[in-house]
Amino acid sequence: MNGMTIKLNFNKPSKVFNKKIFKLLNDYDTFTEVHYGGASSGKSHGVVQKVVLKALKPWSKPRRILFLRKVAATVKDSIFEDVLACLSSFGILDQCKINMSDYRIILPNKAVFIFKGMDNPEKIKSIKGLSDIVMEEATEFTLDDYTQLTLRLRDKGHDKKQIYLMFNPVSKVNWVFKYFFINKHKNTKVIQSTYKDNRFLDASTKENIEDLANRNPAYYKIYALGEFATLDKLVFPKFEKRIINAEEIKHLPSYFGLDFGYVNDPSAFIHLKVDEKNKRIYFVEEYVRKGLLNDQLAKAIIDLGYKKEVITADSAEKKSIEEIRRLGVDRIRAAKKAPDSIIQGIQFLSQFDFIVDERCVKLIEELENYTWKKDKNTNEYTNTPVDSYNHVIDASRYAVEGLHTKTVVNLFKGGL
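To convert, take the position in the sequence shown, counting from 1, and add 88; that gives the working numbering.
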C-alpha cells in the first residue's frame with residue numbers, strides 16, 4: 089500500500105463488520121453516502137471502518153480525509169475517539185502519528201486524517217487537497233455547509249472522492265429530509281439502519297432502546313426505529329438561525345439556565361441575551377452532555393467562563409445545586425417553579441423572536457421537534473407540550489424566569 093504492507097488485526101472481515109457496511113466496504117462509486125437510522129445502529133462506527141480501510145489502500149497519492157462536527161468542541165469526544173478506537177481494533181494505532189493538540193492523524197502509508205468543527209466555515213476553505221469528507225451528526229450542519237463541503241472535493245489528484253453523512257433522522261423540518269428524501273439526488277446512496285442491524289450490541293443497551301416505546305414514544309420512533317418524526321404542531325414554529333456577531337449584542341444583558349440530566353437525558357446549559365425593547369432573544373452558547381456528574385458540570389461551567397454569573401437551575405435538583413455552588417459556581421440558584429410554570433414560561437418566550445446561533449445545535453434540534461400533545465380521542469392539540477426535545481428549552485425557561493416574574497408583577501401593579 090503506497091509502497092508498504094500494513095498488516096491488519098483480523099483474518100475474517102465478516103466477523104468485524106456489520107452486514108450493512110460490509111456490503112459497501114469496497115464501493116466507492118457513489119459521491120454522497122447518507123447513513124441514517126436509530127441509536128446504536130453502528131452506522132457511525134461502520135463509516136469510520138470503511139473510511140480507514142479506504143485510506144489504507146494503494147492509491148496514486150495518499151488520501152487526505154476531513155472528519156467534521158458542526159461544533160469543534162464536540163470533536164474530541166466523538167468522531168476523533170471513534171477513529172482512534174477503530175485504528176486500535178485494526179492493530180495499527182501504534183504505527184500512526186497522532187497530534188492531540190491539532191487533532192490530526194498520519195497513517196503508516198502517509199494518509200492524513202484531519203478533524204475540525206465548522207463553527208467558522210472560513211477555516212475549512214483553507215484546507216486543500218481533500219479526498220474524502222465525513223460529516224458526523226449531519227443534521228447539526230446546514231445545507232450551505234454541505235454545499236460548501238462538496239466544493240472542497242475538487243482535487244484532481246484523488247480518485248473516487250466521496251462525502252459521507254451520518255445522523256439520527258430527527259425532524260422532517262431539518263434540511264436533510266427535504267434534500268435527500270424529498271428531492272432525490274443523483275450519485276447519492278441512502279442507507280438506513282437500526283439497533284437490530286448491530287450484531288455487536290449488548291443486551292442491556294438493546295433493552296434500554298426497546299424500553300423507549302414505553303417511556304417516550306417520540307424518541308422511540310427516531311432512536312429505535314430510525315424514522316423521521318412526523319410534522320406535528322411545533323411549540324416554537326419560527327426562529328432565525330445564523331452566526332451571531334458578538335458586537336451586535338454586547339450591550340444586551342446575559343441570562344443563564346441549567347437543566348439537569350444524567351443517563352437517559354442530558355444536562356443542558358444555555359447562555360442567552362434578551363432585547364426587551366425589540367422583543368428578541370439571542371441564544372448565544374449551549375453546553376449539552378449526557379452522563380455528567382456534578383463536579384464535571386461545575387468544571388464545564390467554569391471552563392466556559394461563567395463561574396461568577398447568576399445561573400438559574402432546575403429546582404427539583406436542590407442537592408445538585410448545592411454541590412455545584414460548593415464547587416465554585418457561587419451564584420447558581422433554584423428556579424421558582426409554579427404549578428403552571430411550563431406553560432407560563434412557553435407563553436412568555438413566545439412573545440419574543442428567537443435568533444439562535446447556528447452552533448447551538450441541540451437547541452436547534454429541540455426547536456425543530458418540540459411539539460404540542462394531541463388528544464388521542466379527539467385528535468385535537470392540547471395545551472400541553474410533549475415531554476421530549478425540551479432540555480435546552482427548559483434551561484432557557486429557567487434563565488428568563490426573573491424577567492417573566494417581573495412582567496407578571498408589573499401587570500398586577502397595573503391593576504389586573
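Don't be surprised by glycine CBs; every beta carbon is placed ideally from N, CA and C.
Since the model is a prediction, treat every value here as computed from it, not as a measurement.
Does DSSP classify residue i as helix, strand or coil?
{"i": "Ile180", "result": "coil"}
{"i": "Thr472", "result": "strand"}
{"i": "Thr118", "result": "coil"}
{"i": "Thr400", "result": "strand"}
{"i": "Ile215", "result": "coil"}
{"i": "Ile194", "result": "strand"}
{"i": "Phe201", "result": "strand"}
{"i": "Tyr477", "result": "coil"}
{"i": "Ile94", "result": "coil"}
{"i": "Tyr394", "result": "coil"}
{"i": "Lys185", "result": "strand"}
{"i": "Gly126", "result": "coil"}
{"i": "Asp165", "result": "helix"}
{"i": "Arg485", "result": "helix"}
{"i": "Leu113", "result": "coil"}
{"i": "Asp207", "result": "coil"}
{"i": "Lys103", "result": "helix"}
{"i": "Lys149", "result": "coil"}
{"i": "Lys387", "result": "helix"}
{"i": "Val417", "result": "coil"}
How far does the beta strand (DSSP E) with residue i in it extend, from its first residue to its last?
{"i": "His339", "result": "Element bounds for His339: n/a, residue is neither H nor E."}
{"i": "Ala422", "result": "420-422"}
{"i": "Arg152", "result": "152-157"}
{"i": "Leu222", "result": "What sits at residue 222 in the sequence shown is Val, not Leu. Unbroken beta strand (DSSP E) run through Val222: 220-224."}
{"i": "Arg330", "result": "328-330"}
{"i": "Ile109", "result": "From DSSP, Ile109 is part of no beta strand (DSSP E) but of the alpha helix (DSSP H) over 107-110."}
Buried or exposed: residue i, going by 16 or more other Cβ atoms within 10 Å of its Cβ?
{"i": "Ala356", "result": "buried"}
{"i": "Arg303", "result": "exposed"}
{"i": "Lys361", "result": "buried"}
{"i": "Ile215", "result": "exposed"}
{"i": "Leu437", "result": "buried"}
{"i": "Asn106", "result": "buried"}
{"i": "Met188", "result": "exposed"}
{"i": "Leu218", "result": "buried"}
{"i": "Gly433", "result": "buried"}
{"i": "Gln250", "result": "buried"}
{"i": "Leu381", "result": "exposed"}
{"i": "Asp290", "result": "exposed"}
{"i": "Leu156", "result": "buried"}
{"i": "Thr459", "result": "buried"}
{"i": "Ile310", "result": "buried"}
{"i": "Thr293", "result": "exposed"}
{"i": "Lys158", "result": "buried"}
{"i": "Asn471", "result": "exposed"}
{"i": "Thr466", "result": "exposed"}
{"i": "Val480", "result": "buried"}
{"i": "Asn366", "result": "exposed"}
{"i": "Gly503", "result": "In this prediction, Gly503 has a pLDDT of 40, which is less than 50 and means its spatial position is unreliable; what the coordinates show is noted afterwards. Label assigned to Gly503: exposed."}
{"i": "Arg152", "result": "buried"}
{"i": "Asn197", "result": "buried"}
{"i": "Ile332", "result": "buried"}
{"i": "His339", "result": "exposed"}
{"i": "Glu374", "result": "buried"}
{"i": "Lys131", "result": "buried"}
Is residue i a contact residue of the ligand SAM, with contact defined as CB to any heavy atom under 8 Å?
{"i": "Ala173", "result": "Only the bare structure without any ligand can be found here, which leaves the ligand SAM out of the picture."}
Give me the Cβ distance between residue i and residue j, rounded to the nearest whole Å; I'm assuming they're in contact under 8 Å.
{"i": "Gly134", "j": "Ala312", "result": "Going by Cβ atoms, the distance from Gly134 to Ala312 rounds to 18 Å, so no, they are not a contact pair."}
{"i": "Ser408", "j": "Phe344", "result": "In fact, because the Cβ distance is near 16 Å, the residues do not count as touching under 8 Å."}
{"i": "Glu446", "j": "Arg330", "result": "6 Å"}
{"i": "Tyr252", "j": "Val222", "result": "5 Å"}
{"i": "Leu112", "j": "Lys138", "result": "6 Å"}
{"i": "Leu144", "j": "Ile94", "result": "6 Å"}
{"i": "Cys174", "j": "Val140", "result": "5 Å"}
{"i": "Ile186", "j": "Leu154", "result": "Incorrect: roughly 16 Å between the Cβ atoms, too far for contact."}
{"i": "Phe178", "j": "Met206", "result": "Contact doesn't hold; Cβ gap of about 28 Å is too wide."}
{"i": "Asn457", "j": "Ser476", "result": "7 Å"}
{"i": "Gly314", "j": "Ser129", "result": "6 Å"}
In the DSSP assignment, find the alpha helix (DSSP H) that holds residue i and state where it starts and stops.
{"i": "Lys142", "result": "131-143"}
{"i": "Ile409", "result": "406-414"}
{"i": "Tyr234", "result": "231-239"}
Length-filtered (3 minimum) beta strand (DSSP E) runs lying within the region 244-325:
You should have 250-255, 276-281.
Which runs of the beta strand (DSSP E) at least 3 residues long sit entirely within the region 341-384? Give them in chain order.
Runs found: 342-347, 355-363, 368-377.
Unbroken stretches of the alpha helix (DSSP H), 4 residues or longer, contained in the region 427-468:
Within the region 427-468, the complete alpha helix (DSSP H) runs of at least 4 residues are 429-437, 449-455.
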